[in-house]
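So the structure is just underneath, and the comments pick up after that.
Protein chains in written order, with the numbering used here: chain A, 15 to 371; chain B, 15 to 335.
Here it is, written out as structure tokens:
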């Protein structure tokens with residue numbers, strides 16, 4: 015005898031298309047004009063901040079940087095859907111999430127200037143610092159979600175992972191854990207189509223990355239990751255739902271992986287052109303101006319405001335004086351004698367000079 | 015109570031879980047089965063499956079989720095079934111547990127323990143007998159403990175559970191049930207970073223830990239030597255002061271461990287003695303360890319692990335130099 019034992023499908027959601035035309039019947043209930051303007055402003059802010067750090071890196075004032083250009087809707091939409099107590103777990107590219115979740119901007123800049131003090135996430139900002147090794151943050155997210163359930167905080171954990179990250183074992187292990195223990199974990203697959211030089215097709219033969227959740231017994235869907243309202247709605251629904259959920263956001267990395275690679279070497283201009291037309295910021299601006307909710311004057315005022323905030327943060331971050339002693343003092347919960355001896359020797363020698371450059 | 019190491023650890027876990035409700039145990043087969051060595055036996059009946067958690071078979075997942083729990087104010091105690099399986103979670107320990115505190119300047123801490131059986135001599139399958147202490151010590155940021163007695167096992171585990179650090183807790187499989195000793199019923203701590211001087215003498219110093227401690231004591235006794243025998247107990251950060259002072263006093267030093275010779279703990283101890291006490295030595299430092307290749311199949315383990323003959327010959331060399 016042969017019979018079907020399992021069947022599955024993945025839904026795709028788009029609310030605002032690339033021409034700014036919206037299916038308002040799908041709008042989430044709490045979506046006001048004001049909120050859409052806020053989404054637009056946040057995306058524009060993220061892009062301005064991104065451009066600034068990139069420019070600092072080119073001037074030698076920031077370290078190797080991973081730009082978010084093109085991925086604003088996925089990050090801003092999901093972050094704005096979070097409630098205050100919800101906890102975000104980023105990769106190394108969720109700059110827009112940090113921004114919405116109110117990480118002091120000078121700390122953000124400090125991190126990208128290469129100082130660990132930028133990871134001193136203040137109380138009241140519910141999230142973890144950037145994680146560089148791909149997908150290794152996912153088991154942390156599963157554990158943080160487990161703790162929310164254990165401690166009955168009612169918080170959800172929103173974890174981010176890239177398309178390349180879904181190929182890693184830690185991705186599967188984390189989803190599997192979340193499925194088995196039904197922990198409150200929402201996983202956002204920020205599918206930007208490229209893992210450095212490897213295209214999405216090299217990561218998996220599966221038609222969607224979302225369907226990887228099916229094997230872990232977790233519900234999943236795919237959304238237009240350049241549609242901020244769709245991402246917002248999908249994340250909000252996932253937060254309201256019991257148990258874990260996976261949302262694949264189809265977006266596009268319009269820039270380089272990091273400042274150390276040149277995408278023209280491995281992908282075509284024509285592909286980039288297709289995605290430029292799907293720009294997440296452009297479409298929501300078209301929508302807002304069409305509704306007479308946004309004009310050039312507002313645009314100018316916003317840009318001036320963003321520049322000032324960003325410049326102030328950069329100035330503050332650049333006035334930071336590194337203290338190498340602080341590393342030694344934070345390795346363990348106490349200072350072992352052997353480490354104290356290494357610290358004393360370093361302080362006595364002429365090895366520590368200047369500002370660490 | 016009289017307890018072997020398994021009983022002492024089981025009792026420690028029970029006391030820790032009573033003391034702190036943020037402690038959970040997680041691992042493979044640790045629930046109804048009580049763990050493959052029965053260290054967690056009966057704890058699921060006392061604390062329920064919400065706190066004694068059988069996990070999917072995924073070592074990186076077990077250690078990585080433990081990190082997430084620890085970041086959230088819990089104090090997970092993970093069991094990895096065998097030392098050779100723990101490398102699947104190595105990246106999580108090295109890349110994250112070791113550095114989360116320093117890279118956030120203590121905004122976050124990772125209070126967690128990963129327990130695993132180590133070392134051989136019990137004729138188990140391949141990958142069940144590794145002695146990985148040097149790997150976990152080299153990175154810094156992880157506290158690495160390896161008790162050799164039931165008393166130390168209980169006291170070190172309780173101490174580790176009260177600290178806000180990631181701890182790798184290595185339990186020599188061979189010592190799990192080898193002997194019993196009197197262990198206090200209640201909670202007590204054995205200090206971290208403090209070696210145990212198990213015998214005092216004048217002629218030589220033997221620095222050792224884990225499976226080799228009893229063997230070294232037997233050899234020293236049989237040979238009628240007057241030795242300081244130092245059981246490190248904490249591998250990282252270790253008690254340098256105690257072994258440097260002893261080396262200066264006796265002028266002759268042997269280091270004995272089951273892990274393979276090259277790049278091992280013995281090299282680190284020897285380098286520090288060379289640095290701080292070389293002019294007080296009367297003989298070159300002697301290291302006794304397994305040969306520099308991966309642990310063999312059990313049929314060959316008696317040709318691999320240091321035994322009384324190997325230790326005895328090394329001590330002869332040390333005393334005649």
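Glycine residues also receive a C-beta, built at the ideal position from the N, C-alpha and C atoms.
Remember, predicted model here, so these are calculated numbers, not experimental data.
When you compare the CB of residue 168 of chain A with every CB in chain B, is at least one pair closer than 9 angstroms?
At a cut-off of 9 angstroms between beta carbons, residue 168 of chain A makes no contact with chain B.
Run the CB neighbour count on residue 26 of chain A, radius 10 Å, all protein chains shown included, and call it buried at 16 or more, exposed below.
Burial call: exposed.
Between the stretch 292-299 of chain B and the stretch 258-276 of chain B, can you find at least three pairs of beta-carbon atoms closer than 8 angstroms?
In short, these stretches touch, since the Cβ pair count reaches three.
In terms of residues, what are the limits of the beta strand (DSSP E) holding residue 235 of chain A?
From DSSP, the beta strand (DSSP E) with residue 235 of chain A extends over 233-238.
Mind checking residue 54 of chain A: buried by the 16 CB within 10 Å criterion, or exposed?
The Cβ neighbour count for residue 54 of chain A, taken over all protein chains shown within 10 Å, is at least 16; the residue is labelled buried.
In terms of residues, what are the limits of the beta strand (DSSP E) holding residue 205 of chain A?
199-205 is the span of the beta strand (DSSP E), which, as asked, contains residue 205 of chain A.
Could you have a look at residue 67 of chain B and say whether DSSP puts it in helix, strand or coil?
Strand at residue 67 of chain B.
Counting only Cβ-Cβ distances shorter than 9 angstroms, please list the residues of the stretch 250-277 of chain B near chain A, keeping chain order.
Considering only beta carbons, the part of the stretch 250-277 of chain B lying closer than 9 angstroms to chain A consists of 250, 251, 252, 253, 254, 255, in chain order.
Taking three-plus beta-carbon pairs below 8 angstroms as touching, is the stretch 348-363 of chain A in contact with the stretch 140-147 of chain B?
Flag = no, the stretch 348-363 of chain A and the stretch 140-147 of chain B do not touch.
Tell me which residues share the same chain as residue 112 of chain B and place their Cβ nearer than 8 angstroms to its Cβ, disregarding the 5 neighbours each side in the sequence.
Close CB contacts of residue 112 of chain B within its chain, under the 8 angstroms cut and outside five residues either way in sequence, are with 153, 154, 155, 156, 180 (chain order).
Let me know the beta strand (DSSP E) ranges lying completely inside the stretch 116-204 of chain A, each 3 residues or longer, listed in chain order.
Runs of the beta strand (DSSP E) inside the stretch 116-204 of chain A: 171-176.
Candidates A:343, A:282, A:338, A:149, of which the one nearest residue 213 of chain A by Cα:
Minimum Cα distance to residue 213 of chain A is reached at A:282.
What does residue 109 of chain B reach in chain A if we use C-beta pairs closer than 9 angstroms?
Contact note: residue 109 of chain B reaches chain A through 145, 146, 147, 150, using a C-beta cutoff of 9 angstroms and chain order.
Could you check where the alpha helix (DSSP H) with residue 222 of chain B kicks off and where it finishes?
Looking at the DSSP string, residue 222 of chain B is not in any alpha helix (DSSP H); the run it does join, the beta strand (DSSP E), is 218-222.
In chain A, what lies closer than 8 angstroms to residue 119 of chain B by C-beta?
Against chain A, a Cβ distance below 8 angstroms from residue 119 of chain B picks out 130, 131, 133, 134, 340, 344.
Please list, in chain order, all residues of the same chain as residue 252 of chain A whose beta carbon is under 7 angstroms from its beta carbon, the five residues on each side excluded.
A distance below 7 angstroms between beta-carbons, with the five flanking residues on each side excluded, links residue 252 of chain A to the following residues of its chain, in chain order: 200, 259, 261.
Going along chain A, which residues have a C-beta under 7 angstroms from residue 163 of chain B?
Correct list: empty, because the minimum Cβ distance to chain A is about 23 angstroms.
Taking C-alpha atoms, which residue in A:191, A:178, A:162, A:156 lies nearest to residue 146 of chain A?
Nearest option by C-alpha distance: A:178.
Kindly identify the DSSP beta-bridge partner or partners of residue 158 of chain B.
Paired residues: B:182, B:250.
Tell me which residue opens and which closes the beta strand (DSSP E) that residue 242 of chain B is part of.
First-last of the beta strand (DSSP E) with residue 242 of chain B: 241-245.
Between residue 195 of chain A and chain B, is the shortest Cβ-Cβ distance under 9 angstroms, so that the two count as touching?
Yes - at least one Cβ of chain B is within 9 angstroms of the one on residue 195 of chain A.
Distance check for residue 256 of chain A and residue 52 of chain A, CA to CA, integer angstroms please.
Rounded to the nearest angstrom, the two C-alpha atoms are 28 angstroms apart.
Determine the burial state of residue 232 of chain B: buried for a count of at least 16 other Cβ atoms within 10 Å of its Cβ, exposed for fewer.
It is exposed - the Cβ of residue 232 of chain B has fewer than 16 other Cβ atoms within 10 Å.
Who does residue 25 of chain A pair with in a DSSP beta bridge?
DSSP, once it has assigned bridges, lists A:235 as partnering residue 25 of chain A.
For the beta strand (DSSP E) that residue 130 of chain B lies in, which residues bound it at each end?
Unbroken beta strand (DSSP E) run through residue 130 of chain B: 126-132.
Rounded distance between the beta-carbons of residue 206 of chain B and residue 173 of chain B, thought under 8 angstroms
Their Cβ separation, rounded to whole angstroms, is 6 angstroms, which keeps residue 173 of chain B and residue 206 of chain B in contact under 8 angstroms.
Is the Cβ-Cβ distance between residue 33 of chain A and residue 114 of chain A less than 9 angstroms?
Their beta carbons are not under 9 angstroms apart, which means residue 33 of chain A does not touch residue 114 of chain A by this criterion.
Taking 9 angstroms as the threshold (C-beta atoms), are residue 325 of chain B and residue 133 of chain B in contact?
No, these two residues do not count as a Cβ contact at 9 angstroms.
For the beta strand (DSSP E) holding residue 219 of chain A, just list the boundary residues, first then last.
Per DSSP, residue 219 of chain A belongs to no beta strand (DSSP E) and is neither H nor E.
Using alpha carbons as the reference points, say which of A:232, A:223, A:211 lies closest to residue 196 of chain A.
Looking at the Cα atoms, A:232 is the closest of the given residues.
Let me know if residue 371 of chain A comes out buried or exposed under the rule of 16 or more other beta-carbons within 10 Å of its beta-carbon.
Unreliable placement is indicated for residue 371 of chain A, whose pLDDT of 49 sits below 50; the coordinate value is still reported in the next sentence. It is exposed - the Cβ of residue 371 of chain A has fewer than 16 other Cβ atoms within 10 Å.
List the residues of chain A that residue 178 of chain B touches, going by C-beta distances under 8 angstroms, in chain order.
Residues of chain A with a Cβ closer than 8 angstroms to the Cβ of residue 178 of chain B are, in chain order, 347.
Would you tell me roughly how many angstroms separate the C-alpha atoms of residue 224 of chain A and residue 186 of chain B, rounded to the nearest one?
Near 44 angstroms, if we compare the C-alpha coordinates of residue 186 of chain B and residue 224 of chain A.
Pick out whichever of B:322, B:98, B:83, B:165 has its Cα sitting closest to the Cα of residue 204 of chain B.
When the alpha-carbon of residue 204 of chain B is set against those of B:322, B:98, B:83, B:165, the nearest one is in B:165.
Can you grab the Cα-Cα spacing for the pair residue 90 of chain A / residue 242 of chain A, in whole Å?
Those two C-alpha atoms are separated by around 7 angstroms.
Check residue 298 of chain B in the structure and name its three-state DSSP category.
Correct three-state label for residue 298 of chain B: coil.
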